[in-house]
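Under the working numbering, the sequence shown has 182 at position 182, and the numbering climbs by one with no breaks.
Notes follow the structure.
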Amino acid sequence: MTDRSPWWAPHVHADRRPRLLGRGRIKAAIRRFLEDASFTEVETAALQVSPGNEAHLSAFATQMQRIEGGSQPLYLHTSPEFACKKLLAAGETHLFTFAPVYRNRERGALHSPEFTMLEWYRAGESYERLMADASALLRIAAETAGASEFRFRGRTVDPFAEPERISVSEAFRRFVGFDILSTVDETGATDRDALAGAMREAGLRATDEDSWSDLFSRALVERVEPAIGNGRATILDEYPVAEAALARRSGRDPRVSERFELYACGVELANAFGELTDAAEQRRRLEAEMDEKQRVYGERYPLDEDFLAALAEMPEASGIALGFDRLVMLALGASRIDDVIWTPVAEFAP
Numbered sequence: 001m002t003d004r005s006p007w008w009a010p011h012v013h014a015d016r017r018p019r020l021l022g023r024g025r026i027k028a029a030i031r032r033f034l035e036d037a038s039f040t041e042v043e044t045a046a047l048q049v050s051p052g053n054e055a056h057l058s059a060f061a062t063q064m065q066r067i068e069g070g071s072q073p074l075y076l077h078t079s080p081e082f083a084c085k086k087l088l089a090a091g092e093t094h095l096f097t098f099a100p101v102y103r104n105r106e107r108g109a110l111h112s113p114e115f116t117m118l119e120w121y122r123a124g125e126s127y128e129r130l131m132a133d134a135s136a137l138l139r140i141a142a143e144t145a146g147a148s149e150f151r152f153r154g155r156t157v158d159p160f161a162e163p164e165r166i167s168v169s170e171a172f173r174r175f176v177g178f179d180i181l182s183t184v185d186e187t188g189a190t191d192r193d194a195l196a197g198a199m200r201e202a203g204l205r206a207t208d209e210d211s212w213s214d215l216f217s218r219a220l221v222e223r224v225e226p227a228i229g230n231g232r233a234t235i236l237d238e239y240p241v242a243e244a245a246l247a248r249r250s251g252r253d254p255r256v257s258e259r260f261e262l263y264a265c266g267v268e269l270a271n272a273f274g275e276l277t278d279a280a281e282q283r284r285r286l287e288a289e290m291d292e293k294q295r296v297y298g299e300r301y302p303l304d305e306d307f308l309a310a311l312a313e314m315p316e317a318s319g320i321a322l323g324f325d326r327l328v329m330l331a332l333g334a335s336r337i338d339d340v341i342w343t344p345v346a347e348f349a350p
């Protein structure tokens, strides 16, 4: 254990308790908002055949022992997304879940190995509708907490102001100094060498080992994210297709997808898609993600064949995942995610 007093020490809990109670009030207010909008709350199993197939997410693996003998590998999910989409295929049209999710190799002020993901889905509605939802949740959290502003690491946001909406392309032009879409062709294929050259001209590091995705992420983290979500929240929209494995292509520009992320005080709060329902294309993209994971980390996760089969029955839909603990942090003025989690995951000294 660390030399700090444990979270369960009475004097520590007494200090933490007001924020924990605030967390409950915010959760109840969001639940009322979604239920009043005719959403159905669902619960998804944490144990899954695949934890999700994002290249840079690490999962917790386990084994299910069979009664008849033998075992089956399973994972704790990194998101309830695959299960929620199966429920859309089953006939649910508006659903939400407060899901405990699990991500390995993540710990810090904004990261916990176990945290709560709020996901909601709208069948037959565009992903722009989710922008209005996300904006409403900022207001609800602030009103419930009695907060006139969100504050984190010296940055402030007015949660009652309409979020700024900016495309990834425009953000790169404005804050990095070049158009990222100049390195993407009409098929969505990327030009790694062109991006490396543009990065160096912009004064950013680019090594021979970096992939296009590595370079994109570095520019996003170092130049774009520090410049957005200040004063008011920012909706960063229209990600390149290569950075949106689960989203459908935009009808406006084939180089980009129907994906946006919500930022406040420099903190990424939510990630939303116009959902991809083409099973063959989805398989190709997930396999590409796992190829990248194999290249970088030397491992890969299985595909969920049941999920891919469900896409054939899934209606057109939009979906969003919001880091509930992060929203609570901003609304209640906490500096660390563990400050708003009732029982933080144990942390041991190295």
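Ideal Cβ placement from N, Cα and C applies to all residues, glycine included.
- With a cutoff of 7 Å on beta-carbon distance, L118 and F98 are scored as near each other.
- CA-to-CA, the gap between L269 and E68 works out to about 44 Å.
- In the displayed model, R165 falls within a strand according to three-state DSSP.
- Of the candidates C265, L286, A346 and R122, R122 places its Cα closest to the Cα of M314.
- Rounded to whole angstroms, H111 and A279 show a C-alpha spacing of 32 Å.
- Every alpha helix (DSSP H) of 4 residues or more that sits fully in the region 247-322 is shown, in chain order, as 279-297 and 305-310.
- Residue environment: D15 is assigned as exposed (fewer than 16 neighbouring CB atoms within 10 Å of its CB, all protein chains considered).
- About 12 Å separates the Cβ atoms of P240 and E186, ruling out a contact at the 8 Å cut-off.
- Residue nearest to S250 within the set W120, S126, E35 and N53 is S126 (criterion: CA-CA distance).
- Note: P240 is bridge-paired with V256 in the DSSP secondary-structure output.
- Following the DSSP letters along the chain, one finds H11 inside the alpha helix (DSSP H) bounded by residues P10 to D36.
- Within the same chain, V12 come within 6 Å of S5 by CB-CB distance, once the 5 residues on both sides are set aside.
- For T144, the enclosing alpha helix (DSSP H) begins and ends at E128 to A145.
- If you check the CB distance, F260 and A272 come in under 7 Å.
- Along the length of the region 195-244, whole alpha helix (DSSP H) runs at least 4 residues long occupy 212-219, reported in chain order.
- Rounded to the nearest angstrom, the gap between the Cα atoms of S135 and E164 is 10 Å.
- Straight across, the Cα-Cα distance linking S213 with L57 is about 14 Å.
- Remark: C-beta atoms of R336 and A109 approach each other more closely than 7 Å.
- The continuous beta strand (DSSP E) containing V157 extends over residues R155 to V157.
- With a 10 Å radius around the Cβ and a threshold of 16 neighbouring Cβ atoms, E299 comes out exposed.
- Separation of I166 and T234 (C-alpha to C-alpha, rounded to the nearest whole angstrom) is 7 Å.
- Under the DSSP definition of a beta bridge, L76 partners with L47 and F60.
- Apart from the 5 residues on each side of it in sequence, E292 sits with its Cβ closer than 6 Å to the Cβ of A55 in its chain, given in chain order.
- Cβ neighbours of P344 within its own chain (closer than 6 Å, five residues either side excluded): W7 and D338.
- Counting along the chain, L95 sits inside the beta strand (DSSP E) bounded by residues H94 to Y102.
- From the listed residues P159, D210, M329 and F216, the smallest Cα separation to S182 is found for F216.
- Sequence-distant partners of R155 (beyond 5 residues in either direction) whose C-beta falls short of 6 Å from its own C-beta, in its chain, are N230, C265 and G266.
- When DSSP states are grouped into helix, strand and coil, T343 belongs to the coil group.
- Approximately 6 Å separates the beta-carbon atoms of P159 and R139; this is inside 8 Å, confirming the contact.
- The C-beta distance from A46 to L88 rounds to 19 Å, too long to fall under 8 Å, and the pair is not in contact.
- Distance from the CA atom of A321 to the CA atom of M329, rounded to whole angstroms, is 16 Å.
- Just so you know, the alpha carbons of E209 and T190 end up roughly 16 Å apart.
- Bounds of the alpha helix (DSSP H) holding F324 are F324 to L332.
- For F82, the uninterrupted alpha helix (DSSP H) segment begins and ends at E81 to A90.
- Boundaries of the beta strand (DSSP E) around R151: F150 to F152.
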